[in-house]
Amino acid sequence: MLDLNEYIILFTKVNKTVIQYRYMKAGYAYPIETLKHWYVAPIGGLSMDLNPGQIGLNREALADNTDLVPYQDRVSLSKLDGSGSRPLLLKKYFEVVPLDKACPDALSKSSNGEAVLPHQEVGHKNGFVDPFQVGEFVILNGVLSQRYPRVYAEGVR
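Every position in the sequence shown, counted from 1, becomes a number in the numbering used here once 11 is added.
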């Protein structure tokens, strides 16, 4: 089993040129696109600015580092180490929300492009959401939202 530092090195080697270019261009370290529509970012914190079922990312980092469309695309979350993985249909999908000055608490927790979860979601053990820790790296999977945009825009939960 790899530790967190080995995962970051692995992803950096896979996309080394792209990541270095994005650091220079955007100035935001996260999210890192590892595969098409798969992004890695740490959990930056919890915020009351977000509603249940939403995940927030810094607006500039979202625009510069991803192909995700705010308020339209949905992503599933899973732990980087693969622990606690669930079948596809049992995963919870989060609406992607851009963080800006309108939500100052959440924006302060995504200064480098980190993912911010609503306070109500963390530790929610109903079989659909893994308990994530602040600082833990997660995979934001937006493949289904890109592949079947109408279905996921209408709100698969």
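Using N, Cα and C, we set each Cβ at its ideal position, and we do this for glycine too.
| Query | Result |
| --- | --- |
| Going by alpha carbons, who is nearest to Arg85 out of Gly67, Ser94 and Ser121? | Gly67 |
| Measuring only the C-alpha atoms, how far is Glu147 from Ser89? | 11 Å |
| Where do the ends of the alpha helix (DSSP H) carrying Asn76 lie? | Arg70 to Asn76 |
| Between the alpha carbons of His48 and Thr77, how many angstroms are there, rounded? | 8 Å |
| Between Ala117 and the rest of its own chain, which residues show a CB-CB distance below 7 Å, the 5 nearest in sequence each way excluded? | Ser58, Asp60, Leu61, Gly67, Leu110 and Val127 |
| Where does Ala98 fall in DSSP's three states? | Note on residue identity: the sequence assigns Pro, not Ala, to residue 98. It is coil, neither helix nor strand. |
| Taking DSSP as the reference, what is the three-state secondary structure of Phe139? | Residue placement at Phe139 is flagged as unreliable, the pLDDT there being 41, under the threshold of 50; the coordinate-derived value follows with that caveat. DSSP places Phe139 in coil when its eight states are reduced to three. |
| Since I believe Pro81 is in contact with Leu73 (beta carbons under 8 Å), could you give me their beta-carbon distance rounded to a whole number of angstroms? | 7 Å |
| Do the CB positions of Gly124 and Tyr41 come within less than 8 Å of each other? | yes |
| Just how far apart, CA to CA, sit Val107 and Gly38? | 21 Å |
| Assuming Asn69 and Ser119 make a contact with CB atoms under 8 Å, what is their CB distance in whole Å? | Contact doesn't hold; Cβ gap of about 10 Å is too wide. |
| What separation, rounded to the nearest whole angstrom, lies between the Cα atoms of Gly93 and Val149? | 9 Å |
| State the Cα-Cα distance for the pair Lys112 and Leu99, rounded to the nearest angstrom. | 34 Å |
| What separation, rounded to the nearest whole angstrom, lies between the Cα atoms of Gln65 and Ala52? | 15 Å |
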